[in-house]
Amino acid sequence: MSDDTSLSLADALHEWAQGQEDRLAYATVDHERAARTGFPEVIFCPGKSDRQIAEIAKSLSERAPVVMATRATASAFDAVRARLPGAVFHEDA
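The opening residue of the sequence shown carries number 2 in the working numbering; numbering runs sequentially from there.
Structure follows, in structure tokens:
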């Protein structure tokens with residue numbers, strides 16, 4: 002007898018994995034990177050627009066207490082701060 006609400010293990014794993022990522026048009030945000038590798042997802046800013054960086058930062062902040070971006074410009078920080086008012090910019094970092 003088949004239960005319509007049951008999933009195969011492969012289907013369940015696929016659905017779980019899909020919930021661990023946000024697929025934006027320009028980036029895939031890996032929310033489980035820290036659990037899997039011991040180090041969280043970091044935004045590599047070169048090549049991304051300020052708006053894209055801000056959207057990725059917002060996505061990460063919804064599931065993680067800390068968001069880091071590398072090689073960010075002051076204008077990228079301004080875009081991030083517009084979405085995340087508590088953001089801090091370390092110009093020398």
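Cβ atoms here follow ideal geometry from the backbone N, Cα and C, with glycine treated the same way.
Q.
My output table needs one value for residue 36: the three-state DSSP class, helix, strand or coil.
A. The DSSP-derived three-state label of residue 36 is helix.
Q.
What would DSSP say about residue 93, mapped onto helix, strand or coil?
A. coil
Q) What residue range is occupied by the uninterrupted beta strand (DSSP E) comprising residue 67? A) Segment: none, residue 67 is in no beta strand (DSSP E) and carries neither H nor E.
Q.
Applying the 10 Å Cβ sphere with the 16-neighbour rule, what's the burial state of residue 30?
A. buried
Q: In the DSSP assignment, find the unbroken beta strand (DSSP E) run with residue 29 in it and report its ends.
A: 29-31
Q. If you check the beta carbons only, do residue 44 and residue 58 fall under 8 Å apart?
A. yes
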